[in-house]
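Chains as they are written, first to last, in the working numbering: chain X, 667 to 899; chain H, 667 to 899.
Using N, Cα and C, we set each Cβ at its ideal position, and we do this for glycine too.
Nothing here was measured: the structure is a model prediction, and the numbers come from that model.
To start, the structure itself, in structure tokens.
There are 2 protein chains.
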Amino acid sequence: MTASRTARERVRAELTREITDIARRQLATEGAGGLSLRAVAREMGMVSSAIYRYFPSRDDLLTALIIDGYNALGEAVEQGEAACPRENHLGRWLAACHAVRDWALAHPHEYALLYGSPVPGYHAPQDTVAARARDVTVLGGLIADAWRAGAVHLPDRLPAPPPELASQAGAFRQLMPGVPDDVLWTAASAWTALYGWVNFEVFGQFNNVIDDRRAAFDHAMRLTATTMGLTPV
Amino acid sequence: MTASRTARERVRAELTREITDIARRQLATEGAGGLSLRAVAREMGMVSSAIYRYFPSRDDLLTALIIDGYNALGEAVEQGEAACPRENHLGRWLAACHAVRDWALAHPHEYALLYGSPVPGYHAPQDTVAARARDVTVLGGLIADAWRAGAVHLPDRLPAPPPELASQAGAFRQLMPGVPDDVLWTAASAWTALYGWVNFEVFGQFNNVIDDRRAAFDHAMRLTATTMGLTPV
DNA sequence: TGTTCGTCAAGAGCAGTGCTCTCGTTTTTT
DNA sequence: AAAAAACGAGAGCACTGCTCTTGACGAACA
Chain X
667 MTASRTARER
677 VRAELTREIT
687 DIARRQLATE
697 GAGGLSLRAV
707 AREMGMVSSA
717 IYRYFPSRDD
727 LLTALIIDGY
737 NALGEAVEQG
747 EAACPRENHL
757 GRWLAACHAV
767 RDWALAHPHE
777 YALLYGSPVP
787 GYHAPQDTVA
797 ARARDVTVLG
807 GLIADAWRAG
817 AVHLPDRLPA
827 PPPELASQAG
837 AFRQLMPGVP
847 DDVLWTAASA
857 WTALYGWVNF
867 EVFGQFNNVI
877 DDRRAAFDHA
887 MRLTATTMGL
897 TPV
Chain H
667 MTASRTARER
677 VRAELTREIT
687 DIARRQLATE
697 GAGGLSLRAV
707 AREMGMVSSA
717 IYRYFPSRDD
727 LLTALIIDGY
737 NALGEAVEQG
747 EAACPRENHL
757 GRWLAACHAV
767 RDWALAHPHE
777 YALLYGSPVP
787 GYHAPQDTVA
797 ARARDVTVLG
807 GLIADAWRAG
817 AVHLPDRLPA
827 PPPELASQAG
837 AFRQLMPGVP
847 DDVLWTAASA
857 WTALYGWVNF
867 EVFGQFNNVI
877 DDRRAAFDHA
887 MRLTATTMGL
897 TPV
């Protein structure tokens, strides 16, 4: 039973995969709003109602695409960061940043699905949470490494976190055990700065404003790295 | 002609305004995707085709709402920042940040229209550009003021902008004349960090992660202020 | 004052959407 | 071999943005 399932189950898995593939292609070209179950069915030579045998609703198909997207982005970040020597913490941060940016620019519509405005009636189910944490896990890991290596040198005159933030962001804290609060909040701030930039760039806010966006992004991420206390090796 | 136009023109302006008002209400409750010309017409007791006398297409109605949104946000930022003493540059920055956040949290769907994923087939016409710059103009103004007052003290060990960024971001540079490049790029970075945070918060990425989001936001904006060289008075 | 002319709301209609239900057929299970 | 489950096809519902035509009303002009 486990090794070779029934013919029906195999063709079902095959068709499910084909549906998501076609849907992802439509998503890439038309955007999230232009994703149409009927168009997917048409391209498969099926009738629209048959799709509902595989995905109970359009939202469930969207969920599948979102989970795939989080995993693709997470994998890109993991690979980009892993290509850097472990002791070069600034390099690991920059590599992770560029991996996010490169993936987002290469897959703008999928990125919009992950980090843009939520789709109208859509509520992310719990399944997406695990895949969603892969990118920030990389950030937490490299900060924790840097802290353990004594390579974190926060700038002078940096304001200390107020007391009401003492026991906050538990989930975020778990990703970098042992890291003190002031460093933790600079990391959180850097994380939002990264995605803030990528959002602006992917959604076109930098058109006709910045030309060499890659260089500007690189510099901005170096600035936030300095705030985090990561200095060149 | 100028003071009192014909009755027809006045009722036309009135109806146009009523359409945008109803549309804005629908946008606030349903989100951008749920905005329907037919629903607006229904609520006005008109027939759907009549709406097209006032807005040639759904996108034109969206454009009107977007321009209104940029102006509302810009005005909120201007007012928030203006309430702070001119010489307290850090306070002005924090006031502007909280104004953005407060407005975004109060009008999440309108904010999504401005800074979220672009609406599928929609391309922003040139009209939106002027209104779009109001918030960043405030930022540029306070940085320029701080620079002129000699109140900008960049942190040590901050990396200098690479040479390829020397003549970039001309539009951004115009907002803060006389400000040197290193300060300018910290300001650009702070700008993206601000909207990165607000994006995350409005779009729900901080749910179940950070509880006291206002305090965390305030601290994050103080961190970026330090990177910009704005210190407490 | 009477008549044209432009503006307007209404209605029907087109092509498209997500989704539901039913009806035979095919495959798996009992 | 019989019962059960899964499946594709088709019709249909309520909805969308948008177009076109029709008839009525108001304003300007002769």
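Problem set entry | Under 8 Å by beta carbon: chain X residues contacting residue 728 (chain H) | Chain X residues near residue 728 (chain H): none, gap ~12 Å exceeds 8 Å.
Exercise. In its own chain, which residues sit with a C-beta less than 7 Å from the C-beta of residue 689 (chain H), not counting the 5 before and 5 after it?
Worked result: 701, 706, 727, 731
For this session: At 4 residues or longer, and completely inside the region 723–754 of chain X: list those alpha helix (DSSP H) runs for me, N to C.
Result: 724–748
For this session: Return helix, strand or coil for residue 756 (chain X), following the three-state DSSP convention.
Result: helix
Exercise. Who are residue 818 (chain H)'s beta bridge partners in DSSP?
Worked result: H:896
Problem set entry | Among H:703, H:802, H:722, the one whose alpha carbon lies nearest that of residue 741 (chain H) | H:802
Exercise. For chain H, is any of its Cβ atoms less than 8 Å away from the one on residue 813 (chain X)?
Worked result: no
Exercise. Taking a cut of 7 Å between CB atoms, which residues from the region 762–783 of chain H lie near chain X?
Worked result: 778, 782, 783
Exercise. In terms of residues, what are the limits of the alpha helix (DSSP H) holding residue 849 (chain X)?
Worked result: 847–868
Exercise. Three or more C-beta pairs closer than 8 Å, one from the region 761–775 of chain H and one from the region 735–751 of chain H: is that the case here?
Worked result: yes
For this session: For residue 676 (chain H), name the three-state secondary structure that DSSP assigns.
Result: helix
For this session: Put residue 775 (chain X) into one of helix, strand or coil per three-state DSSP.
Result: helix
Problem set entry | Cross-chain neighbours of residue 831 (chain X) in chain H, by beta carbon under 8 Å | 878, 881, 882, 885
Exercise. Using the beta-carbon of each residue, which ones in chain H are nearer than 8 Å to residue 843 (chain X)?
Worked result: The contacting residues do not exist; residue 843 (chain X) stays about 17 Å from chain H at best.
For this session: Can you tell me which of X:743, X:695, X:678, X:894 puts its alpha carbon nearest to the alpha carbon of residue 819 (chain X)?
Result: X:894
Exercise. Taking the C-alpha atoms as reference points, what is the distance between residue 676 (chain X) and residue 807 (chain X)?
Worked result: 39 Å
For this session: Could you work out which residue in X:685, X:697, X:735, X:887 is closest to residue 716 (chain X) when comparing CA atoms only?
Result: X:685
Exercise. Just the Cα atoms here: how many angstroms apart are residue 770 (chain X) and residue 777 (chain H)?
Worked result: 21 Å
Exercise. Do residue 862 (chain H) and residue 863 (chain X) have their C-beta atoms within less than 8 Å of each other?
Worked result: yes
Problem set entry | Alpha-carbon spacing of residue 784 (chain X) relative to residue 869 (chain H), whole angstroms | 7 Å
Exercise. Which two residues bound the contiguous alpha helix (DSSP H) that contains residue 711 (chain X)?
Worked result: No alpha helix (DSSP H) contains residue 711 (chain X), which DSSP labels as neither H nor E.
For this session: Answer with yes or no whether the minimum CB distance from residue 668 (chain H) to chain X is below 8 Å.
Result: Low confidence applies here, because residue 668 (chain H) scores a pLDDT of 36, under 50, leaving its location unreliable; read the following figure in that light. Cβ-Cβ to chain X under 8 Å: no for residue 668 (chain H).
Problem set entry | Contact list for residue 861 (chain H) against chain X, beta-carbon separation under 8 Å | 862, 865, 866
Exercise. Going by C-alpha distance, which of H:767, H:756, H:766, H:734 is nearest residue 794 (chain H)?
Worked result: H:734
Exercise. So, helix, strand or coil for residue 832 (chain H), using DSSP?
Worked result: coil
Problem set entry | Residue of H:694, H:718, H:896, H:846 minimising C-alpha distance to residue 774 (chain H) | H:694
Exercise. Where residue 855 (chain H) and residue 767 (chain H) are concerned, what is the direct C-alpha to C-alpha distance, given to the nearest angstrom?
Worked result: 17 Å
Exercise. Per DSSP, what kind of secondary structure is residue 683 (chain X) in: helix, strand or coil?
Worked result: helix
Problem set entry | Short-range partners of chain H found in the region 749–761 of chain X, where Cβ spacing is below 9 Å | none
Exercise. Does the beta carbon of residue 692 (chain H) come closer than 8 Å to any beta carbon on chain X?
Worked result: no
Exercise. Leaving out five residues before and five after residue 804 (chain X) in sequence, what residues of the same chain have Cβ atoms less than 7 Å from its Cβ?
Worked result: 743, 744, 747, 762
For this session: Check the Cβ of residue 875 (chain H) against every Cβ in chain X and list those closer than 8 Å, keeping chain order.
Result: 835, 837, 838
Exercise. Buried or exposed: which applies to residue 687 (chain H), given that a residue is buried once 16 or more other Cβ atoms fall within 10 Å of its Cβ?
Worked result: exposed
Exercise. Beta carbon of residue 826 (chain X): closer than 7 Å to some heavy atom of the ligand MN?
Worked result: This structure simply doesn't include the ligand MN, nor any ligand for that matter.
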